[in-house]
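So the protein lines, in turn, are chains X, G, P, Z and Y. Under the numbering used here, the first sequence is numbered contiguously, ending at residue 304. Under the numbering used here, the second sequence is numbered contiguously, ending at residue 1392. Under the numbering used here, the third sequence is numbered contiguously, ending at residue 239. Under the numbering used here, the fourth sequence is numbered contiguously, ending at residue 270. Under the numbering used here, the fifth sequence is numbered contiguously, ending at residue 270. Below you'll find the structure, written out as structure tokens, and then a few comments.
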Amino acid sequence: GSADDSKLEQLKAQGFARVAIANEPPYTAVAADGKVSGAAPDVAREIFKRLGVADIVASISEYGAMIPGLQAGRFDVVTAGLFMKPERCAAVVYSEPVLCDAEAMLVKKGNPKGFKSYEDVAKDTTATIGAPGGGTEEKLALNAGVPRERVIVVPDGQSGVKMLQDGRIDAYSLPVLSINDLVKKAADPNLEVIAPVQGAPVYCDGAAFKKGDEALRDAFDVELAKMKKSGEFAKIIEPYGFSAAAAMSTTRDKLCAAK
Amino acid sequence: MTQWSGYFGLILQGALVTIELTLMGSVLALFMAFLAGMGRLSRFFVLRALATAYIEFFRGTSIFVQLFWAYFVLPFIGISLTPLQAGVLALGLNVGAYAAEVVRGAIQSIGREQYEACTALNLGRWQGMRHVILPQALLVMLPTFGNNAIELLKATAVVSLISLTDLTFQAQVVRSQTGNTLVPFATILIIYFVLALLISWGVRSLERRMARGLDGVRA
Amino acid sequence: MEWDWNFVWEIMPTLIQGVKITILATLLGSVLAAIVGLGIALARRSPNRALSRTVGFLAEFIRGTPLLVQLYFIFYVLPDIGILLPPLVAGVIGLGLHYGTYTAEVYRAGIDNVPRGQWEAAKACNLSARQTWTHIIIPQAIPPMIPALANYFIAMFKETPLLSAITVLELMNQAKSVANTYYRYIEPITLVGAFFLVISLFSVVLLRWLERHYGKIER
Amino acid sequence: MSASAPIIKIDGISKSFGSFKVLDGLSMQVMPGEKLALIGPSGSGKTTILRILMTLERIDGGHIQIDGEQLYHMERNGQLLPADERHLTRMRQKIGMVFQLFNLFPHKCVMDNVTLAPMLTKGTPRAAAEKRAMELLEMVGMADKAKNMPAQLSGGQKQRVAIARALALSPKIMLFDEVTSALDPELVEEVMNVMRKLAAETDMTMLLVTHEMGFAHDFADRVLFFDRGKIVEEGKPDEIFRHPKQERTQGFLKKIIAAGHRV
Amino acid sequence: MSASAPIIKIDGISKSFGSFKVLDGLSMQVMPGEKLALIGPSGSGKTTILRILMTLERIDGGHIQIDGEQLYHMERNGQLLPADERHLTRMRQKIGMVFQLFNLFPHKCVMDNVTLAPMLTKGTPRAAAEKRAMELLEMVGMADKAKNMPAQLSGGQKQRVAIARALALSPKIMLFDEVTSALDPELVEEVMNVMRKLAAETDMTMLLVTHEMGFAHDFADRVLFFDRGKIVEEGKPDEIFRHPKQERTQGFLKKIIAAGHRV
Ligand SMILES: Nc1ncnc2c1ncn2[C@@H]1O[C@H](COP(=O)(O)OP(=O)(O)OP(=O)(O)O)[C@@H](O)[C@H]1O
Ligand SMILES: Nc1ncnc2c1ncn2[C@@H]1O[C@H](COP(=O)(O)OP(=O)(O)OP(=O)(O)O)[C@@H](O)[C@H]1O
Ligand SMILES: [Mg+2]
Ligand SMILES: [Mg+2]
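Here it is in structure tokens:
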């Protein structure tokens, strides 16, 4: 192997890869026994196994801390539903798409403020929207013209639901499947899901590697492609509600170039 | 409902991390406290300046900033710490700076006459410090050290912000898995309180043991 | 990743927004802590055993558990019993309660440090209990309390980053939000540290001044 | 009131600290205008007696009459009840005390130390209180320091101010507890002089605890020698100091003389 | 060394605290075995002289010779250099000091207080150090309290232990600074007795600062009267106390006597 392969050799030697996750089911989750699951880590675990790395060790992180953490060498890879966007593609190197999802909003029953898009939130000067700090939804809301002080940074999904129930925010935005999972857990008839949010693109995530680890990423892509072809990929992600077809219908290059 | 026992196990794991952090942080803090506390009383300007800079810096910047720095910025100058190492480092250095002032204050609280008695008995500087001043100062420091250790215990909660799986963090996990806020938080509040009680009980019994025979001295 | 001055100037206005909230929270928290502390100190001196014991235990509990968890509790659990507080208000209440347990100790020490001879002289002068408090004890107890109180308010200032956990957009939260947006941690976190250091160094100067002017009553 | 009625009448009082009995059934009487010196070894209970008279300690048993009235008890419908705060306040008007460590109010200037109590407890107008304070400060030789703070005074000066402060309430009885023992040897004399003058000029009743036998001799009409909370011997100063009858008294005086004090 | 060479030779020393000059060109000599009493008003610099001899204060100018050697200077190649810590340590072996407030080590028992310095500074083995300590404690009458902690002793007992502790290093010169003035009057005598015995039995050189004129009289071969950092008068005790020549001395003694002290 060339110098570029050294990262993979190193991971093989230590027997595990360090991954960053977010604890946002169904993308990533920590079970009652502390075991890491969720669609993104499950895919990563399988691919690393095929590459000869026995296991993955996960640490939970805020979205905003993932890329700095990757750059600082805290993790080897981010497998957390970190959607591909041009500026992120500039900061890290992505694998081919893994999980795709549209954006959703959680509101009170009957959608009292009539939101359909982030622009609707921007127009209502009394409306506040919650989103994870550094996540895609925060940026979409800000880009749609919602002022900073009306975009509430919510630390985690459970807090978001709670704040919505308590009337502290008027909408809480996450990807569709994440919102569905939260609603199922909350079992609250007074909540309503708006999905997909109009005007918001469908995003796909990929495993994100540090710049310089392109060789590792390429090896990852090779195995990912094989799994997509063999149908094993669909077997892992579809029980979580994700569509394998959506991931296979697009490419990294398209997503990274998108405006 | 069977799930709860699993979640409780998660919280116990967190408690172990918290205890581990508290113990290791306390050891580092104690070491730094004596180093910097005595450094501030040194005859040498350079030592005094170093100790003062350390103390003022770590007391002046917030523990959060120190934690984020140790975790996110240190790697860029080539020091990559595990979350546990970063946590212990930030907590130990931070609390050590406060405890250094305790060490200094306790040493200074020993009256000048004790130093003079040492000189009159021709004890060297270090001999006097080791046999006369420190044994007395230690007793003065202990109660405040106990408070410092409790402060350190409480400060471990913030390491959850750099994703160390301590008590508070695990409570967050349980909360996000179960959707219940009251139970995990109430549970960890009680655990923290019990740990704090254990610390103050331990320090008090240590103090009693050391004060034996010294009756009337501190009155 | 290197230090980027352009980026520093770009994010400065955002961070200053955060500084304002940080200072506001500290000021409001200080006022509340001063009042809560007085309440606790008075309750603990009360001849009503049940009251003084209960308040004493609660104060111990609050002092032995992390502020971060208390904030979560106030912000996320209290709404279940119908108490819905805006983030800043919840934060100020958390700070005020937590530090109130410390200021209570300051009040107690201030009063206890007035020598017994002063109570006795007041009695020999035939002053009533009320006159003794207002003319003899309180005027002597307050000046040494001022630096001690200021000390805790400075400590509180350094703990305000905890409020970011309950969505208050104070300095630390602004910095994190900036960091999340640009994927750069070095500048915002270092700047936060610098802000804290500068304000702390100023407050150390202020504290020394307070100590010089109020620390001791010459007898 | 006839001159033969005692102004202080102590009747079988007892006092314990924890399990330690300091006074056990002590009785004694003091006539109006008498100058009394209480002497005796350390721990014999001298200070405790003064503090009980000043109501700084409570008694466990017995009775005390001051100026014909019960100190710790009130007579109500022929019954003796424990005194309430109002009763004590009224009784304390008759008694003043000067402490070993002065206990001046450090946050008030000399003048305010002296005027505070008359203004607060008797409602004396400021002008009148200050006029009287000036007279008293002149008497103790401190008039020129009226505006000073206590911290700016020497020990002897502080003690003289403390005497003026106690006198400002015009008590009938003055209690002095080792008022010179915290002073530098050279400053002792100035305080003693003030007290000698006071003893000679007023007909106040005075109780003095001291370890300075020479001073006790000059000052007192009568000397009480205490040991373990009991009066072992009493009499005129010359009798006690020159011809002590009790062995315990002799031993005590011998020790004190050997230690270099003049009798 | 001939008996006529002074063991302490103070030569024009001066000492200031801030802008306040306590000693200004003071000179004096002490012969081996002499017992010297330093008396004088408060603030006249008596304590300062002892503290300078014990190297607790530095001098600003002048020279001190102890036992033929410079105290604050070292002779190196014919030049006088300021003494370093090693030189001071060697010189301090010749000098011991007893303080007004005893300054015992509160965390060590009586025995350990006495043995600590010999074991640490001279490397005396524990057994030998304890044997010698026992002799000294016997001499001061404290042998039965060897295992007590200082807090369990009376003031007089503490001071006797402090004397034994200073003697344990067998200094040639002993300095005593008002060793009885913090004691209860009844306890003064026991300490004075120990010191009288010490003065009579050893040929150690001793300097004593005291306000107890009677004691100074009994103890000393020679008395120095100080005022404002100067020796105003010196001579045999009888001369100084009975027939002081200087007006300042007369005034001082009169005041002290008036304050109730025996001469
Ligand atoms: N507050 C207290 N608590 C416990 N014991 C006390 C208290 N006050 C006094 N005593 C004890 O009571 C006894 C008598 O004390 P008191 O002060 O009256 O003696 P004294 O004759 O004034 O002695 P001295 O000459 O030393 O002042 C002493 O043994 C003392 O230790
Ligand atoms: N450390 C110091 N700082 C400032 N002034 C001092 C210091 N030590 C002594 N002095 C001053 O020096 C003068 C001489 O003090 P010293 O203690 O030698 O007097 P003394 O003769 O021993 O008096 P006393 O009989 O009161 O003990 C005093 O005026 C004192 O205030
Ligand atoms: Mg007494
Ligand atoms: Mg002196």
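All residues carry an ideal CB built from backbone N, CA and C; glycine is no exception.
Any heavy atom of ligand 4 closer than 7 angstroms to the CB of residue i?
i: Glu219 (chain Y); result: no
i: Val105 (chain Y); result: no
Cβ of residue i less than 8 angstroms from any chain X Cβ?
i: Ala79 (chain P); result: no
i: Ser1253 (chain G); result: yes
Consider the C-beta atom of residue i and the heavy atoms of ligand 2; say whether any pair is separated by less than 7 angstroms.
i: Glu185 (chain Y); result: yes
i: Ser49 (chain Y); result: yes
i: Gly52 (chain Y); result: yes
i: Val230 (chain Y); result: no
Does the beta carbon of residue i sit closer than 8 angstroms to a beta carbon anywhere in chain P?
i: Val199 (chain X); result: yes
i: Val1246 (chain G); result: yes
i: Glu54 (chain X); result: no
i: His250 (chain Z); result: no
i: Glu141 (chain X); result: no
Under 8 angstroms between C-beta atoms, does residue i make it to chain Y?
i: Ser49 (chain Z); result: yes
i: Gln1281 (chain G); result: no
i: Ala1293 (chain G); result: yes
i: His1304 (chain G); result: yes
Are residue i and residue j closer than 8 angstroms when you measure CB to CB?
i: Leu272 (chain Z); j: Lys165 (chain Z); result: Since the first residue of chain Z shown is 8 and the last is 270, residue 272 (chain Z) is not available in this structure.
i: Ser140 (chain X); j: Arg262 (chain X); result: yes
i: Val1346 (chain G); j: Val198 (chain X); result: no
i: Ala136 (chain Y); j: Met146 (chain Y); result: no
i: Leu1220 (chain G); j: Val1268 (chain G); result: no
i: Ile1400 (chain G); j: Leu1340 (chain G); result: What the structure shows of chain G is the stretch from 1174 to 1392, and residue 1400 (chain G) is not part of that stretch, so it cannot be assessed.
i: Leu30 (chain Z); j: Thr55 (chain Z); result: yes
i: Ile1323 (chain G); j: Gly84 (chain P); result: yes
i: Asp250 (chain X); j: Val143 (chain X); result: yes
i: Ser21 (chain Y); j: Asp67 (chain Y); result: yes
Mind checking which residues open and close the alpha helix (DSSP H) that includes residue i?
i: Tyr1288 (chain G); result: 1285 to 1293
i: Ile60 (chain P); result: 25 to 65
i: Ile166 (chain P); result: 158 to 179
i: Asp298 (chain X); result: 297 to 302
i: Arg1377 (chain G); result: 1355 to 1384
i: Leu227 (chain X); result: 221 to 231
i: Pro244 (chain Y); result: 244 to 249
Under 7 angstroms: does the beta carbon of residue i sit that close to some heavy atom of ligand 1?
i: Gly32 (chain Z); result: no
i: Phe27 (chain Z); result: yes
i: Phe1218 (chain G); result: no
Is residue i near ligand 3, judged by its Cβ being under 7 angstroms from some heavy atom?
i: Val1268 (chain G); result: no
Is the Cβ of residue i closer than 8 angstroms to any Cβ of chain G?
i: Ser223 (chain X); result: no
i: Pro163 (chain P); result: no
Looking at the C-beta of residue i, does it have a partner C-beta in chain Z at a distance below 8 angstroms?
i: Lys42 (chain Y); result: no
i: Ile263 (chain Y); result: yes
Sorry if obvious, but does the Cβ on residue i come closer than 7 angstroms to a heavy atom of ligand 5?
i: Val216 (chain Y); result: Only ligand 1, ligand 2, ligand 3 and ligand 4 can be found as ligands here, which leaves ligand 5 out of the picture.
Residue i lies in the beta strand (DSSP E); which residues open and close that run?
i: Val29 (chain Z); result: 27 to 37
i: Leu1254 (chain G); result: Neither: Leu1254 (chain G) is in no beta strand (DSSP E) and is coded neither H nor E.
Quiz item: Along the stretch 131 to 165 of chain Z, what residues have a CB closer than 8 angstroms to any CB found in chain P?
Solution: Met156, Pro157, Ala158
Quiz item: If contact means a Cβ-Cβ distance below 7 angstroms, which residues of the stretch 1329 to 1352 of chain G contact chain P?
Solution: Ala1330, Val1331, Thr1341
Quiz item: Listed in chain order, which residues of the stretch 209 to 243 of chain Y have Cβ atoms closer than 8 angstroms to some Cβ of chain A?
Solution: In the structure shown, chain A does not exist; the protein chains are X, G, P, Z and Y.
Quiz item: Taking Cβ-Cβ distances below 8 angstroms as the criterion, which residues of the stretch 1218 to 1250 of chain G are in contact with chain P?
Solution: Of all residues in the stretch 1218 to 1250 of chain G, the ones placed with a Cβ closer than 8 angstroms to any Cβ belonging to chain P are Glu1229, Phe1230, Arg1232, Gly1233, Thr1234, Ser1235, Ile1236, Phe1237, Val1238, Gln1239, Phe1241, Trp1242, Phe1245, Val1246, Phe1249, in chain order.
Exercise. Could you list the residues in the stretch 140 to 162 of chain P with a C-beta less than 9 angstroms from some C-beta on chain Z, going in chain order?
Key: With the criterion set as a beta carbon lying under 9 angstroms from some beta carbon of chain Z, the members of the stretch 140 to 162 of chain P are Glu140, Ala141, Ala142, Lys143, Ala144, Cys145, Asn146, Leu147, Ser148, Ala149, Gln151, His155, Ile156, Pro159, Gln160, in sequence order.
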